[in-house]
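The next block holds one structure in the form of structure tokens; read it before the comments.
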Amino acid sequence: MILTPPSVIDVNPYTADEALAVARLIWTLINADHQLSVNESQYFQQSLGYLGVSAVAFDAYLNEEEEKAYEKVRRMASSKRSHCATLLRLAYQSDQLVNRIALKTLNDMLTKAELFRSDTLHPKRHDEGLII
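All letters in the sequence shown, in the order written, are residues 92 to 223 by this note's numbering.
Right, here's the structure in full:
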């Protein structure tokens, strides 16, 4: 089950390529500790369904470099990046345990994918960090 009210996540806003990239980031996050719980597995399967990504397409996409997923996410509009951040936070919470490895991975991903970068402003050097 996706752990959020429908008002937060209603419609899949992503193109097929963007959806694959978002699915890759979700997979990377929930698999950060190399221990996939039942809840994480269920969340990932629901995420694939929500994103409209088939298991076959996702498996094929795993052969691509992870950096390509980050590049696609960085090129998305800020509203889509913000939506992606919500999905990643939900993925982090899906096993209902606090996991330092996954939390560090989540923070690194949010920064690397520039999920909170404004579309209109270029960040100054001191604005590039992320604080959760």
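Virtual Cβ for every residue (Gly too), placed ideally from N, Cα, C.
{"Check": "Shortest alpha-carbon distance to Lys-159 belongs to which of Ala-204, Tyr-183, Val-102, Ala-176?", "Outcome": "Ala-204"}
{"Check": "Give the straight-line distance between the Cα atoms of Ala-176 and Asn-198, rounded to the nearest whole angstrom.", "Outcome": "10 Å"}
{"Check": "Taking 8 Å as the threshold, find out whether the segment 160-167 comes into contact with the segment 126-135 through three or more Cβ pairs.", "Outcome": "no"}
{"Check": "Contact between the segment 106-123 and the segment 169-183 is defined here as three or more beta-carbon pairs at a separation below 8 Å; is this criterion met?", "Outcome": "yes"}
{"Check": "Give the secondary structure of Val-144 by DSSP, where H, G and I count as helix, E and B as strand, and everything else as coil.", "Outcome": "coil"}
{"Check": "Between which residues of its own chain and Ser-138 is the CB-CB distance below 6 Å, once the five residues before and five after are set aside?", "Outcome": "Ile-117"}
{"Check": "Over the uninterrupted alpha helix (DSSP H) stretch that includes Glu-156, give me the two end residues.", "Outcome": "Element bounds for Glu-156: n/a, residue is neither H nor E."}
{"Check": "For the alpha helix (DSSP H) holding Thr-119, just list the boundary residues, first then last.", "Outcome": "107-121"}
{"Check": "Count Cβ pairs between the segment 101-110 and the segment 138-151 that sit closer than 8 Å; are there 3 or more?", "Outcome": "yes"}
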